[in-house]
Amino acid sequence: MELELSELQELRRQKAEELRRLGLDPYSPRAIRTHTTEEARERFLKIESERGAGAEDDEPVTLAGRVVSVRHMGKTAFSHIRDGHGELQLYLRRDDLGEEEFERFLKLIDLGDFIEATGTLFRTKTGEVSLRVQRYRPLTKALNAPPEKWHGLQDVELRHRQRYADLIANEETRRVFLIRSRMISAIRRYLDSLGYIEVETPTLQPLYGGAAARPFTTYYNALDQTFYLRIADELYLKRLIVGGYERVYEICKDFRNEGIDRNHSPEFTMLEFYEAYADYETMMQRVEGLIVYAAQEALGTTRLVYQGNEIDLTPPWRRITLRDAIRQYSGIDYVEHPTQESLFAAARAAGADVEPGTVWPRIVDQLLKQFVRPHLIQPTFVIDYPVELSPLAKRKPDDPTHVERFQPNIGGLEIGNAFTELNDPLDQYARFVQQQKDRAAGDEEAMPIDLDYVNALMYGMPPTGGVGIGIDRLAMLFTDQPSLRDVILFPAMRRLPAQQGGEPTGEDDANKATNSSLAAT
RNA sequence: GACCCCGUAGCUCAAUCGGCAGAGCAGCGGACUUUUAAUCCGUUGGUUCUGGGUUCGAGUCCCAGCGGGGUCACCA
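So the first sequence is numbered by this note's numbering: it starts at 209 and just counts up by one.
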C-alpha cells in the first residue's frame, strides 16, 4: 500500500533524496554531539566571565537539535536549533561554510529537521550567545512542516490527537508535562525518605474493589475468566499491611468506566499510600508534607496561582467537618435530617440539584459538591463523613454514625481521599453486605463482596491510615490547567477511520467478554 | 446519554443580508554578510468535515452523520 504524501511532504522527501545523492544520510544512525545547548551556553558564559566581553571560544563544540527557525540574509543566515535542554542560535556565513555548504543549508534543510552543527561560541552584537558554524550535517529529515511558528498549534483536537506536534509547537505544553514529571518524582522521593516501599499490585483483577465505580471488563484467556481493570489498588495495598509491611505506596493507572469531563478521565493516575500504626490525623500531616515538598521541588514555591486564585500551601491546612461545612455553606444540618424524605426536602429548599429518588448518602454528596467544594480554594481538609458514604473507613469511636475520613480540597478541586482504615473483619463484612444490598437496589457502583479481603483482615491488620491522591488533579493544580486532559499526554480519543492502517484484531477477546467495553470495537 | 457551540489552505484565522473563497505564517522564486515573528518583491496552494435538501445561486439556511469542545447527567 503506497503512502500518499501531500505536496509539502513530497517536496521534503525530494530534498531527502537530494541529500542522499550528495552522500549525506537524511536519517543518520547516530549523532555525535559534544554539548547540549544548555552546556554550550554555560561553557560560553564561563569563558566570557574569564576573558571579558567580546571573547570567543577557541575550541569548537558540536551541538545537535531540531531546526526551529531560519532567517536568511543574503550571504549569512541565523537559525535556532532546539534540543531537550533549550535553544541556541546558529550563525552561518557563506565565507565560513563555503558557497556549496551554505547554499545546501538553505536549499535542503527545512524547519523541523534535526541537524548537527560544529563551530565556536560567541555573542552576537545584539547580545545572543550563538554558534559560529564551521560545518553541519543533517541528522533527520522531517517530512511534516511544524505548526505555525507564532500561534503554535491551537486546535484542541489536534493537540490531543497529535501530542507530539503540540509539544513541538507549544512551550507551555512542554512546561506542563515537565512539571508533572518533576512532581511525581518528588512524591516518590518524599515517600521513600519516610521509609515507604513502592510496590506493584495487579492491574487486571478477578474482582474489583476499593472504590465505587463501574469497571472496564475484559477476558483473561489464559485463565478463562472475566477480569476487571482495577478501579483502585486499595484492597491489595492493605493486604500488604496485613502481611507486615508498615509503609507501602503505589503510583498507578486506575480505570473507571464512566464519563469524561474536565475533572474526570476513565484512565487516570492514582497515588495510594498506607501506613501502619497511623490514623487519619497522621495522614493529614503526611498529605501536607507531601504536597508542600512536591510543590517546592517541582515549582520552587509553595504559593501558586490556580485559575486566577492565589493559593498558599503552607501548613497547617484548614480542617472542617463535613457536617459543619455543609451547614456553613448550605444552611442544612444533615444530622437533623436522618431520613431520605427529610433531607431531600431540605436540599430542594436550599436549591440543590437533586432528583426525587436520590438516596440519602448521595444527597449529602451533592450538597458537598454543589455548595461546599467551590468555596474550598485554600487547602482544606473536609473531615468526618457519614458511614454510609465510606464502606472501607473506620468509625469514629465517639460517633459510630461517622467515620474517620478526610478529603483534601485545593483550588476547588478534590485532590484525594483518605481515612483511618477499617480493620475489623466482621464490620468490614457487614459493610460489604450492605453494599450488596445497595447493588441489588440498583446502585451499579456499589462494591462487590471481597471475601478474600475479609479473610486477610481476619489475620489482623494493625491500626492503619491510608490516602489516595489524584495525581492528574494535582498536576492540574501545579500547572494551572483547567482540564484533566491538559495534563494527560495522550487523552483517549475516538479512533478516526483515516487513522487505521488496518482493522485491529481484538475480536477473540471482544467475543468472549461479557462486557466488551475494553476491547476494540 | 441529553442539550448547546465549533469544523474554511500544512498551521493561525477572515469572508457583510445567501452573491467571484481571502490574509498571515509555512512553502516556492528572487534581493539582502549580526538577524530575533528579520525585512522587501513575486508566487503556488481549497472535497469550506461527510452526505442529502432548499434556492437562480450555499462556507453561510434546513436535515442526517462523523469528529471535537462546553454544560448537565454519571463519577463516594
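For glycine and all other residues, C-beta sits at the position ideal for the given N, C-alpha and C.
Here the structure is a predicted model, which is why all the values come from computation and not from measurement.
With a beta-carbon spacing of about 5 Å, GLY320 and PRO354 fall inside the 8 Å limit used to define contacts. Of the other Cβ atoms in all chains shown, fewer than 16 fall within 10 Å of the Cβ of ASP541; this residue is therefore exposed. Listed in chain order, the beta strand (DSSP E) elements of length 3 or more contained wholly in the segment 259-331 are 269-281, 284-291, 294-301, 322-331. For the options LEU621, LEU575, LEU507, GLN493, the alpha carbon positioned closest to that of GLY674 is the one of GLN493. Checking the DSSP bridge columns, you'll see LEU630 has no partner listed. Around the beta carbon of MET391, 16 or more other beta carbons lie within 10 angstroms, which makes this residue buried.
DSSP places TYR427 within a strand segment (E or B) once states are collapsed to three. In the DSSP assignment, THR522 falls outside any alpha helix (DSSP H), carrying neither H nor E. Here the alpha carbon of GLY668 sits roughly 6 Å from the alpha carbon of VAL450. When rounded, the separation of the alpha-carbon atoms in ALA430 and ALA638 is 34 Å. A distance below 6 Å between beta-carbons, with the five flanking residues on each side excluded, links ARG302 to the following residues of its chain, in chain order: LYS283, PHE310. In the three-state scheme derived from DSSP, where H, G and I count as helix and E and B as strand, GLY403 is classed as coil. Here ILE289 is near LEU271, since their CB atoms are less than 8 Å apart. In this structure PRO234 is buried. Its beta-carbon is surrounded by 16 or more other beta-carbon atoms within 10 angstroms. Buried is the label assigned to ALA419, since at least 16 other Cβ atoms lie within 10 Å of its Cβ. For GLY673, the pairing in a beta bridge is given by DSSP as GLU483, THR628. Collapsing the DSSP output to three states places THR510 in coil.
Counted as a single uninterrupted DSSP element, the beta strand (DSSP E) harbouring PRO608 occupies residues 607-618. Taking TYR299 as reference, the option from ILE534, MET655, GLY306, SER287 with the minimal CA-CA separation is SER287.
For GLY678, DSSP records a beta bridge to MET478.
Beyond the five residues adjoining it in sequence on each side, ARG422 comes within less than 7 Å, by CB distance, of ARG464, ASN465, GLU466, GLU652, GLU653 in the same chain, given in chain order. The beta carbon of MET491 sits closer than 6 Å to those of ALA626, GLY673, VAL675, all from its chain and outside the five residues before and after it, given in chain order. Boundaries of the beta strand (DSSP E) harbouring LEU339: 337-348, taken from the DSSP string.
For TYR444, the secondary structure class from DSSP, reduced to helix, strand or coil, is helix.
The residues VAL384, MET684, THR687, in chain order, have a CB closer than 8 Å to that of ASP694 in the same chain once the five nearest residues on each side in sequence are set aside. CA-to-CA, the gap between LEU448 and VAL456 works out to about 8 Å. In the three-state reduction of the DSSP assignment, LYS223 falls in the helix class. The alpha-carbon separation between LEU551 and ASP561 amounts to approximately 13 Å.
Three or more beta-carbon pairs drawn from the segment 271-280 and the segment 320-339 are found closer than 8 Å, and the two stretches are therefore classed as touching.
By alpha-carbon distance to GLN642, the top candidate from ARG371, LEU597, THR242, ALA285 is LEU597. The beta carbon of ARG279 is closer than 8 Å to those of ALA285, PHE286, SER287 in its chain, skipping five residues each way along the sequence. Burial check for ARG238: the Cβ neighbour count within 10 Å stays below 16, so the residue is exposed. For PRO569, no beta strand (DSSP E) encloses it; the enclosing alpha helix (DSSP H) starts and ends at 568-575. Between LEU314 and GLU226 a beta carbon distance of about 13 Å is seen, past the 8 Å cut, so the two are scored as non-contacting. For LEU415, no beta strand (DSSP E) run applies, since DSSP gives it neither H nor E.
Secondary structure of ARG228 (DSSP, three-state): helix.
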